[in-house]
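Enquirer: In the working numbering, the protein residues as written are 55 to 137. I'd like to ask you about the structure that follows.
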């Protein structure tokens with residue numbers, strides 16, 4: 055992956071992680087954690103939506119939506135484990 059692709063992935067991960075943090079508990083966890091949550095969420099969201107046969111299309115907006123869905127699911131399960 056070239057440098058621009060990595061940068062775009064990091065930005066999408068940061069946005070998705072921040073959005074998931076806002077949706078799940080009212081705030082983000084910091085830039086690095088948001089990026090990690092967003093990137094892991096993108097993997098989860100892409101796998102889950104693919105398994106369900108749902109296509110959000112192509113582009114940055116659909117990548118952010120898919121990553122946010124996956125990140126919300128990730129944060130939900132992390133919250134269950136923490137309790």
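Note that the Cβ used here is the ideal one computed from N, Cα and C, for glycine as well.
(1) Is it a yes or a no for the stretch 130-137 touching the stretch 104-122, going by three-plus beta-carbon pairs under 8 Å?
(2) Roughly how far, in whole angstroms, is the beta-carbon of residue 120 from the beta-carbon of residue 92, given that I think they are within contact range, below 8 Å?
(3) Assign residue 113 to one of three DSSP states: helix, strand, or coil.
(4) Quick one, are the C-beta atoms of residue 125 and residue 95 less than 8 Å apart?
(5) Hey, how far is the Cα of residue 106 from the Cα of residue 118?
Expert: Taking the definition as stated:
(1) no
(2) One-based indexing of the chain shown puts residue 120 at position 66. One-based indexing of the chain shown puts residue 92 at position 38. About 11 Å separates the two Cβ atoms, so there is no contact after all.
(3) Here residue 113 is taken as the residue at index 59 of the chain shown, counted from 1. The answer is coil: DSSP assigns residue 113 none of H, G, I, E or B.
(4) Taking the first residue of the chain shown as 1, we reach residue 125 at position 71. Taking the first residue of the chain shown as 1, we reach residue 95 at position 41. In contact: residue 125 and residue 95 (Cβ atoms closer than 8 Å).
(5) On the chain shown, residue 106 is found 52 positions in, with the first residue counted as 1. On the chain shown, residue 118 is found 64 positions in, with the first residue counted as 1. Residue 106 and residue 118: Cα-Cα distance of roughly 18 Å.
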